[in-house]
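Number 115 marks the last residue of the sequence shown (our numbering); no jumps. Take a look at the structure below.
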Amino acid sequence: MKATGWSTHPSEHLKPNENSFEDGEAYIARKDIINIFTDGSKTEHGVGSAFCVSTNDIWAYQWSAKLNDNSTVFQAELTALHEAVIYASHLPNHNTSKIHVDNRSSIMASCNS
């Protein structure tokens, strides 16, 4: 039977120094970090989630999905974060990645569930 939702929680695998909740941190491009930017939105045209990956200031990858019209913006934000974590978890171990999330409640929900 295929599991639905998150089968393992990302926070179970983080060390204390791997998580930051700094507000207003300026984005500074660093050559040694893979930056992943997430977002979710809801308009009269529908609900969607997306993330983009930047490596050495080059857009290296993007992902997006249209969600059910009954989904909330919060669900869209969580979906984008979830997919970004999956993407980052498949990067080679020598790569450092930083996921940028503009919705603090999404971060808190993923850490507390």
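Note that the Cβ used here is the ideal one computed from N, Cα and C, for glycine as well.
Roughly how many angstroms lie between the CA atoms of residue i and residue j, to the nearest whole one?
{"i": "Thr45", "j": "Ile88", "result": "26 Å"}
{"i": "Asp104", "j": "His96", "result": "26 Å"}
{"i": "Lys68", "j": "Thr57", "result": "25 Å"}
{"i": "Pro94", "j": "Trp65", "result": "19 Å"}
{"i": "Met110", "j": "His47", "result": "28 Å"}
{"i": "Asp1", "j": "Ser73", "result": "Lying before the first or after the last residue shown, residue 1 is absent from the chain, which here runs from 3 to 115."}
Suppose contacts are defined by Cβ-Cβ distances below 8 Å. Is residue i in contact with residue j by that definition?
{"i": "Ala52", "j": "Asp59", "result": "no"}
{"i": "Val55", "j": "Asp71", "result": "no"}
{"i": "Ile101", "j": "Ala86", "result": "yes"}
Is it buried or exposed, residue i, if we count other Cβ atoms within 10 angstroms and call 16 or more buried?
{"i": "Asn37", "result": "buried"}
{"i": "Ala62", "result": "exposed"}
{"i": "Leu83", "result": "buried"}
{"i": "Ser107", "result": "exposed"}
{"i": "Thr98", "result": "exposed"}
For residue i, which of helix, strand or coil comes out of DSSP?
{"i": "Thr40", "result": "strand"}
{"i": "Thr74", "result": "coil"}
{"i": "Leu93", "result": "coil"}
{"i": "His84", "result": "helix"}
Would the C-beta of residue i count as close to the ligand SAM, meaning under 7 Å from any of its heavy atoms?
{"i": "Asn97", "result": "This structure simply doesn't include the ligand SAM, nor any ligand for that matter."}
With residue i and residue j assumed to form a contact (beta carbons below 8 Å), what rounded beta-carbon distance in angstroms separates them?
{"i": "Ser43", "j": "Val75", "result": "7 Å"}
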